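Single-structure report; data block below.
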Amino acid sequence: MSLKRYHPFVIILEMATVLKDNIFILIILFVLNYNSTSTIMKIGRYAIVAYFIYKLIQIIAKWFTHKYKVNEHSFYLYEGIFVKKERTISFKNIQNIQRKTTGLHRILRLTSLYLDTGVGRSEEAITFPGLTIEEAERIEYMLEQSKETVEQTVMDEDSINSEYEVEERVTTHFTPTKKDTIKASFTSLSFLIVFPLLASLYSQLDNFIDIENRAKGMLLPILQSKITVALIILAITFISIAFGFISTYLKYGKYEIRSDEERIYITQGVLNETSFSIIKNNVQAIVIKQSMMKRILRLAEVRLVSVSSQQVTETESEVSTLYPFLPVDRAYDMIQELLPAYKVTESMERLSKQSLIYRLLKPSGMWLIASAILIYNRPLFLGMKHSWWMMIILLLLAILLMRIIDYVQTRYTFDKDRVQIRTGSLQTSLFITNRKKVIEAVVTENILQRYFKLSTVKLATRENPAHYAFLEDISINRANDFFAWYRERVTDVNYDSKTDGRGDYYYE
Amino acid sequence: MREYLNQPTEKLSNNFVKIKVIRATFSFLVTIAILIAVMYGNHLFIQASWINPTIYILIALTCLYAVWSIALEPRFQYKNWRHSADEDFLQIRSGGINRTYELVPMTKIQSVATHQGPLLRRYHAYSLTVQTIGSMHTIPALEAEAATALREQIALFAKVKEVE
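So this is what it looks like as structure tokens:
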């Protein structure tokens, strides 16, 4: 396999990112202050032009010096303009593959690949910012092939036709219907964005034309007619719903969750297409999240906790969620289809009465601080003289109510090799994992908890950084049971025979 | 009290209380010295009226904290600390007021190391840190032989890997 340069259009792609990153500076320098002759603006213009030229040279030099090579089991990357750097990354270390096609990629008929090495820092990941679709497919195919050869050697010669079978075994689990997208657009409440947008547009216009004064003659008669006001509000609501629907459609309209024996594949996005795959074995836990709105609509967001270094930008970290607006029942079924090891059970234990009493008595730091500020300032709400102490009481009641809701909703279970914890007041989250995936168990008790014979259990699972799930205020007896249960994890785990010689140890 | 099998049994080094008291006293003295230096500097150069009362409050708080950190905390910590390592788990129990019990599977331990600063050397003790994928656990002071033995033991047990 020969050394390859990246696709020459990478230069265009990278220049586009540089432009995008500096768009505000450009607008300020060349659009808003087009006629300005002040020295700062002049220097600024020269500086930005110089910066762009520097960037262009750098990107071109990078293109000349960066090369890569792929063989059956590794990537070889060569980089560095002055300081040369060589990296070899074995296919074994690649945890997730993510393919992303933006609008610009589509115009250039390219795509990008992001291969996660799971080593923590994002610079350890392999990124191919621009690849032809064939090349991307070739790399993905090679990765898949290597996995299969590994598997084949493990499974003996039992599966000669496995290649065809694997192709067929890919099943589609979910694509959203129109109804799902409509529901989603309501939940995400993204249409509320329209209001601040309008407000900012209004204030922008206000700078140019004196709307307030001009409109006085115009607006007053309009506002006096109730029907017109109603119509305007109706129109705005309609526009916002349309806006919400379109933005949700663009993000979640085209969505597909597929899986085969080994991996889960997620494809999303109408304009910017992102596809992502994760090895089932690398899923460390599942978190099912439900906001208030989602609970009303019986929807849920399913997040897969996994080792990945891709907390680079927010959009990318979102990818590890399955479709965020799954109907609850479908979500439970799908978890079972995708990851049979993580079956969701409905029957869970509740906390004891003791823990409700403790939770109501527990001092609230937020309330104490807020009260201190209120007592010190004694502000007037709605012009009422005694409103400050009423606020203190209201706040206390609200906090107590939240605690009661949290208590009612908290459920847990641990038996055989599974653990399941649900917590939360307004937003609930259900944490599900297997005993062998729990890398650490911690039980803590503060002095007040000890008085009520309660403990807090903390479970760690692998992620970057480690993911912690908390179960607060379970009785000490149950916490003991929990520890005993966790000790039994040794029965779930298969030890690597290569390392089990206690001494004869080879690290790959 | 907790009743389950394999309770952790090992204690910290006998000298832990002394080491901890010296350390706490030292940091108390340094804090007081810094505060007095600030006060003196203010007197020489700035002469802001609000600085002195603030420093008095800080000194009072530092003294109060010193009572806890020198006279009480080391003994508490020593009395309540237990740890042990077997084939499958490292266990640490600590804290008298806020209690913590940790259970770390041996297979998840990535590295184990002993450290010795000048103060620990004076008392022939080592501290031992265990690094897992998610967190770090420190045993603050162990007798030299106990520390080496525990380190070797953990290193041996932690060699075993799980098949995912």
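If you read the sequences in order, they're chains A and B.
Final position of the first sequence in our numbering is 1072; the numbers increase by one with none missing.
Final position of the second sequence in our numbering is 180; the numbers increase by one with none missing.
All C-beta atoms in this analysis are idealised placements derived from N, C-alpha and C, irrespective of residue type, glycine included.
None of the values given here were measured: they were computed from a predicted structure.
| query | result |
| --- | --- |
| Interface partners of residue 124 of chain B on chain D, CB under 8 angstroms | Within the model displayed, chain D is absent; protein chains A and B are what it includes. |
| Per-residue DSSP class, three states only, for residue 143 of chain B | strand |
| Cβ of residue 726 of chain A within 8 angstroms of any chain B Cβ | Annotation note: pLDDT 41 at residue 726 of chain A (below 50); position unreliable, coordinate value reported separately. No, residue 726 of chain A lies away from the interface with chain B (no Cβ there is under 8 angstroms from its Cβ). |
| Partner residues on chain B for residue 1010 of chain A, Cβ-Cβ distance less than 7 angstroms | 114 |
| Same chain, Cβ closer than 8 angstroms to residue 718 of chain A, neighbours up to 5 away in sequence not counted | Residue placement at residue 718 of chain A is flagged as unreliable, the pLDDT there being 43, under the threshold of 50; the coordinate-derived value follows with that caveat. Excluding sequence neighbours, residue 718 of chain A sits near nothing in its chain. |
| Contact belief for residue 841 of chain A with residue 902 of chain A at Cβ below 8 angstroms, rounded distance in angstroms | That pair is no contact at about 12 angstroms. |
| Rounded C-alpha distance that separates residue 701 of chain A from residue 141 of chain B | 58 angstroms |
| Residue-level contact to chain B via CB, residue 1030 of chain A, 8 angstroms cutoff | yes |
| Chain B within 8 angstroms of residue 936 of chain A, Cβ atoms only | no |
| Where residue 119 of chain B meets chain A, residues with beta-carbon distance less than 9 angstroms | 1004, 1005, 1006, 1007, 1047, 1050 and 1051 |
| Separation of residue 850 of chain A from residue 163 of chain B, as counted between CA atoms | 39 angstroms |
| Other residues of its chain near residue 989 of chain A: CB distance less than 6 angstroms, five sequence neighbours each side excluded | 966, 969 and 970 |
| Burial state of residue 97 of chain B, where buried means 16 or more other Cβ atoms lie within 10 Å | buried |
| Reduced DSSP secondary structure (H/G/I, E/B, other) of residue 87 of chain B | helix |
| CB contact below 8 angstroms: residue 85 of chain B versus chain A | no |
| Below-8 angstroms beta-carbon distance, residue 167 of chain B vs any chain A residue | no |
| Nearest neighbour of residue 705 of chain A, chosen from A/655, A/743, A/664 and A/741 [CA to CA] | A/655 |
| Nonlocal neighbours in the same chain, by C-beta distance under 6 angstroms from residue 852 of chain A, ignoring five residues either side | 864, 866 and 994 |
| Burial state of residue 31 of chain B (16 or more Cβ within 10 Å) | buried |
| Within 8 angstroms, strictly: CB atoms of residue 1004 of chain A and residue 120 of chain B | yes |
| Completely contained beta strand (DSSP E) runs for the segment 944-995 of chain A, where each covers 3 or more residues | 975-979 and 982-987 |
| Test item: CB-CB of residue 857 of chain A and residue 751 of chain A under 8 angstroms | yes |
| Cut-off 8 angstroms between Cβ atoms - residues of its own chain near residue 681 of chain A, not counting five sequence neighbours on either side | 653, 657, 658, 659, 688, 689, 690 and 873 |
| For residue 643 of chain A: DSSP bridge partner residues | A/649 |
| N- and C-terminal bounds of the alpha helix (DSSP H) containing residue 65 of chain B | Where residue 65 of chain B is concerned, there is no enclosing alpha helix (DSSP H), given that its DSSP letter is neither H nor E. |
| Residue 888 of chain A versus residue 82 of chain B: straight-line alpha-carbon distance, rounded | 52 angstroms |
| Short-range partners of chain B found in the segment 833-849 of chain A, where Cβ spacing is below 7 angstroms | 845 |
| Chain A residues whose Cβ lies nearer than 7 angstroms to that of residue 73 of chain B | The contacting residues do not exist; residue 73 of chain B stays about 17 angstroms from chain A at best. |
| Cross-chain neighbours of residue 595 of chain A in chain B, by beta carbon under 8 angstroms | Residues of chain B passing the Cβ test: none, with the nearest at roughly 48 angstroms. |
| Identified DSSP bridge partners for residue 849 of chain A | A/869 |
| Identified DSSP bridge partners for residue 857 of chain A | In the DSSP output, where bridge partners are listed per residue, residue 857 of chain A has none listed. |
| Beta strand (DSSP E) segment containing residue 1005 of chain A, residue limits | 1002-1009 |
| CB contact check: residue 867 of chain A to chain B, cutoff 8 angstroms | no |
| 7 angstroms Cβ cut-off: residues of chain B touching residue 1054 of chain A | 104 |
| Status (buried if at least 16 other CB within 10 Å, exposed otherwise) for residue 845 of chain A | exposed |
| Chain-ordered neighbours of residue 859 of chain A on chain B, where CB pairs are closer than 8 angstroms | None at all; the shortest Cβ gap to chain B is about 31 angstroms. |
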